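Protein chains in written order, with the numbering used here: chain A, 1 to 388; chain B, 1 to 451.
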């Protein structure tokens, strides 16, 4: 695909992320007869493993407001977040028929149970649960454990695809995703430096579109976008620089992100789809690839609400992020019923207050489509900072 | 006979179902002693105390160092059952906890901040917050918060979730290696050298307790069942967690087993005439424990098995700690042999066995808002048991800790409709599953939340 202008790229990305029929996955499957697609539930998955087995990795992001929930409520009941229900609803309405397998991990209790509910209802599908560890301390034996877990997953993926992943192939996959993460880091740096040039809603769409297409293609799009953005100019606005935190799994609707920006915020960092930017530096492309991936997960990850790491208390890391991006405030943007984020809010709030950093809590649901109340809250928050 | 007409209003409707034997006196003594030890620890620093969680607890290791465990869950449930949970919950919500956060955590944190304990005794600041993470992701948050608020060191004992049919050797090795790390920490805390024989002894005590507890649970296969495996089991669960690895626990379970066996020998049930046998899935509504029990008693319905009673460990299907391989035994218990670390489909199978082997007429699923580990997906569970297995299933929603989510009249209506349908089906030989699945009512989203 050739991209005429950066605006058309963003437009195309918006179309891709809004289409529940996975058009780019279908295109890939048409081009690779017999090819398999394996999706993973947010937040993080070792996509390199999937890729090296010749399978197309897909990151699920629920269904937003584009699917009425008619069946999943009865299976999951009240007090359960939207993405768990919309994902099940997608299964129950055949939207996941293009997907051959799904990986889940230890992010929260609801998502874990969803894995097994799907397993019962879709016995023909490859459904697996990964234990991503919570004890990163060196004496715990965690890296060999995780490398063995990745090997188990690799074996299952190889059975599904009928293709063996070689060490060389794995290193190539690691290199491709390193490039992807590095390009995203560049885009994030560009936005923080010149938020008037790259809107967060644009960056978000560009990043999220990568969830549904081959990494090779996404890399091309990112390179092209970066090139064009370097020549783009924008008129600085009288906005405050904020960090958005809390939307690492269920994703806020694109319109909500636009509203936050329009209400007077430059979002200079966020944790949207954080799994795409999971590592603080490249995964080593030498040595045993499974150990490289495992060691990177344990020792070179960003902090996360769904992973315990005693070495990096999240509340301290958030404050560091605020300072590093020269932000003035934090917006906690949390999916309704998201227990990990709601728990973390308590310690984040405490630390932000201790550090004198203003913050605003907003709750959203991916299936929401009107945001007037949230707009007013953000506007009031911004005004209170501008005139303080 | 245990059933006596209750005095006063509604006596005919609510037969007294509780069994009050020696078990209750001994249980009370043991729990009082546990709180006293905690107070001693708070006042004198001896014994040392360590916070631990119920599910898959490695209490044997603590016992071998003579360290007393603090179980925040036990404190939280004690507050709820005494109708004292709302104030700490509200306090925690003022701190920033959401209405949708687990109320066990909120009650515990709120009570800690307010310096409230269920018994009025003092609670020590633990020397270590030992988070035995076995499936419940809230555990990790809970102990991160306790560690932060109490300025206590935290060790995250990460237990791989049961995602394969049998435990993987890498999983066991990972847990064992962490247990050895904890030994070093306990040596530092207590100033005592680790003694493998003391550890083996603690593990052996657990093994004996598990054997007796397992036999007790199997006694409920008798018709009539000599005790209620949901409501009465909770009485036994206190000593099971606090004193399992201690000779006092062994003594307690010897008495309990003997007493309940004698009831079986006398063919004594929970009621003079047991009408319904049910399996209950999910934790109890502790703030309305009595009311909920009365709802079932009024139908002379006894729970013959419950999943909640396997949160700490699943022993009735044969697992025992092994003193010959104590570290591996503790690891296997954490990994495979407690409800929380097992996946949903393993729980479906557990319940299916209960219904068959304990000869139950139906299943009651209690969705608790606080506990997504239990509750997320229970609608699918209902679908499986009603549609696939044809087992009459009732689905209820409330909470384990927060009294604001128990709609008493509504729950009673649903319980009544369920047993009415079951009774009708028993009398007429009608299609039980179909009748009661309708009685089980609409899907969860139609249930009102009392707020």
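C-beta: ideal position from N, C-alpha, C; glycine also. Since the structure is predicted, the reported quantities are computational estimates derived from the model, not experimental observations.
Requested in this report: Name the two residues that bound the continuous alpha helix (DSSP H) containing residue 87 (chain A).
Outcome: 82 to 92
Query - residue 43 (chain B), buried or exposed, once every other Cβ within 10 Å from all chains shown has been counted against 16 - result: exposed
**Report entry** Buried versus exposed call for residue 36 (chain A) [16 or more other C-beta atoms within 10 Å across all chains shown]
**Finding:** buried
Requested in this report: State the beta-bridge partners of residue 362 (chain B) as determined by DSSP.
Outcome: B:278
Report task. Measure the C-alpha to C-alpha separation of residue 440 (chain B) and residue 389 (chain B) and round it to an integer number of angstroms. Result -> Unreliable placement is indicated for residue 440 (chain B), whose pLDDT of 37 sits below 50; the coordinate value is still reported in the next sentence. Roughly 15 Å separates the two Cα atoms.
Requested in this report: Assign residue 404 (chain A) to one of two classes, buried (16 or more other C-beta atoms within 10 Å of its C-beta) or exposed (fewer than that).
Outcome: Nothing about residue 404 (chain A) can be reported from this structure: the residues present for chain A run from 1 to 388 only.
Report task. On a CA-only basis, which of A:80, A:283, A:163, A:60 is nearest residue 212 (chain A)? Give me that one, please. Result -> A:60
Requested in this report: Could you work out which residue in B:414, B:346, B:322 is closest to residue 199 (chain B) when comparing CA atoms only?
Outcome: B:322
Report task. Write down the C-beta distance between residue 132 (chain A) and residue 307 (chain A) rounded to the nearest angstrom, noting that I regard them as a contact closer than 8 Å. Result -> 7 Å
Report task. Tell me, please, which residues DSSP counts as bridged to residue 38 (chain A). Result -> A:57, A:101
Query raised in the report: Shortest alpha-carbon distance to residue 52 (chain A) belongs to which of A:106, A:90, A:290, A:190?
Result: A:290
**Report entry** Cβ neighbours of residue 168 (chain B) in the same chain (closer than 8 Å, five flanking residues each side left out)
**Finding:** 160
Query - Residues that residue 50 (chain A) bridges to, as DSSP identifies them - result: Residue 50 (chain A) is not bridged to any residue.
**Report entry** At least three beta-carbon pairs within less than 8 Å, the stretch 191 to 210 of chain A to the stretch 284 to 301 of chain A
**Finding:** no
Query - Chain-ordered chain B contacts of residue 110 (chain A) [CB-CB under 7 Å] - result: 372, 376
Query raised in the report: Any C-beta of chain B sitting closer than 8 Å to the C-beta of residue 135 (chain A)?
Result: yes
Query - Cβ of residue 308 (chain A) within 8 Å of any chain B Cβ - result: yes
Query raised in the report: Applying a beta-carbon distance threshold of less than 7 Å, which residues of chain B neighbour residue 113 (chain A)?
Result: 344, 376, 377
Query - Bridge partners - residue 393 (chain B), DSSP secondary structure assignment - result: B:363
Query - Three-way DSSP call (helix, strand, coil) for residue 255 (chain B) in this model - result: helix
Report task. Let me know the secondary structure DSSP gives residue 327 (chain A) once reduced to three states. Result -> coil
Query - Near-chain A residues of the stretch 310 to 322 of chain B (beta-carbon distance less than 9 Å), N- to C-terminal order - result: none
Query raised in the report: Between which two residues does the beta strand (DSSP E) containing residue 304 (chain B) stretch?
Result: 301 to 306
Query raised in the report: So, using beta-carbon positions, are residue 69 (chain A) and residue 86 (chain A) closer together than 8 Å?
Result: yes
Query raised in the report: For residue 90 (chain A), which option in A:81, A:62, A:80 has the closest C-alpha, if you only look at C-alpha atoms?
Result: A:62
Report task. Please confirm if residue 439 (chain B) has its CB atom under 8 Å from at least one CB of chain A. Result -> Because the pLDDT of residue 439 (chain B) is 36, which lies under 50, any placement of that residue in the model is unreliable, and the number read from its coordinates should be weighed accordingly. It does not; no Cβ of chain A falls within 8 Å.
Query raised in the report: For residue 162 (chain B) versus residue 328 (chain B), is the C-beta distance shorter than 8 Å?
Result: no
**Report entry** CB contact check: residue 140 (chain B) to chain A, cutoff 8 Å
**Finding:** yes
Query raised in the report: Looking at residue 9 (chain A) and residue 225 (chain A), is the spacing between their C-beta atoms short of 8 Å?
Result: yes
Query raised in the report: Whole-angstrom Cβ separation of residue 126 (chain B) and residue 64 (chain B), contact assumed at under 8 Å?
Result: That pair is no contact at about 17 Å.
Requested in this report: Measure from the alpha carbon of residue 215 (chain B) to the alpha carbon of each residue in B:375, B:110, B:24, B:314, then state which is nearest.
Outcome: B:314
Query raised in the report: Per the contact definition of three or more C-beta pairs closer than 8 Å, is the stretch 32 to 46 of chain B in contact with the stretch 165 to 183 of chain B?
Result: no
Requested in this report: Could you have a look at residue 265 (chain A) and say whether DSSP puts it in helix, strand or coil?
Outcome: strand
Query - As assigned by DSSP and simplified to three states, the class of residue 129 (chain B) - result: strand
Query raised in the report: Hey, is the stretch 158 to 173 of chain A in contact with the stretch 227 to 237 of chain A, meaning 3+ C-beta pairs nearer than 8 Å?
Result: no
Query raised in the report: Using the C-alpha atoms, what's the distance from residue 321 (chain A) back to residue 309 (chain A)?
Result: 17 Å
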